[in-house]
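Numbering (mature numbering (1 follows the signal peptide of the UniProt record, and there is no 0)), first residue to last: -23 to -1, 1 to 155.
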């Protein structure tokens, strides 16, 4: 009789304990350094800037509060071996490096990188042309050169990209004749 009482009681106790347990996410560890522009326009190096342990990088709220943002509300951050545009909210977009900084917006679009592929994004970080290319050049007169099977070669301070398959696209991502 006593054993039959203890089994349901233990089952209820275990269920109550398990129901009370929640998966607790560890606090972000901003262990990676980064460079970013301050509100005064200087470039500063911060030792505790990025937590890159998850699927997307997290930027320290302290650093986000000190960053200088442009007229589009974006700041260029350099860290974890990558370049990002970052909003004050911490939302970020990895972009290509161009002229020692984040890629420019040309014709309203910047070249972004996701899963190792290049696509085009607007200043709200909305995908305009899917990231399916190995490399892409900036838009000019409504067209951009894109490439597949590309190689990068360092030439002094610059990187030269050559692709086995290059073609031109329009701002809808359609192939067009040059």
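Glycine included, C-beta positions come from ideal geometry on N, C-alpha and C.
For residue 71 versus residue 89, is the C-beta spacing smaller than 8 Å? yes
- Query: To the nearest angstrom, how far is it from the Cα of residue 67 to the Cα of residue 32?
  - Reply: Using only the alpha carbons, I get a separation of about 14 Å.
Can you give me the start and stop residues for the alpha helix (DSSP H) that residue 9 sits inside? From DSSP, residue 9 is part of no alpha helix (DSSP H) but of the beta strand (DSSP E) over 9 to 14.
Assigned secondary structure, residue 38 (DSSP; H/G/I helix, E/B strand, else coil)
helix
**Prompt:** How would you call residue 130, buried or exposed, if buried means at least 16 neighbouring beta carbons within 10 angstroms?
**Reply:** exposed
Presumed contact (8 Å Cβ cut-off) between residue 20 and residue 56, rounded CB distance: Wrong, their Cβ atoms sit about 12 Å apart, outside the cutoff.
Notebook entry, point to check: If you pair each beta-carbon of the segment 102 to 109 with each one of the segment 133 to 144, do three or more pairs fall below 8 Å?
Noted result: no
Give the straight-line distance between the Cα atoms of residue 86 and residue 15, rounded to the nearest whole angstrom.
24 Å
message = I'd like to know whether the C-beta atoms of residue 123 and residue 137 end up nearer to each other than 8 Å.
response = no
Continuous beta strand (DSSP E) assignments of at least 3 residues falling wholly in the segment 37 to 120: Listed in chain order, they are 52 to 56, 59 to 63, 69 to 72, 87 to 91, 94 to 98 and 104 to 110.
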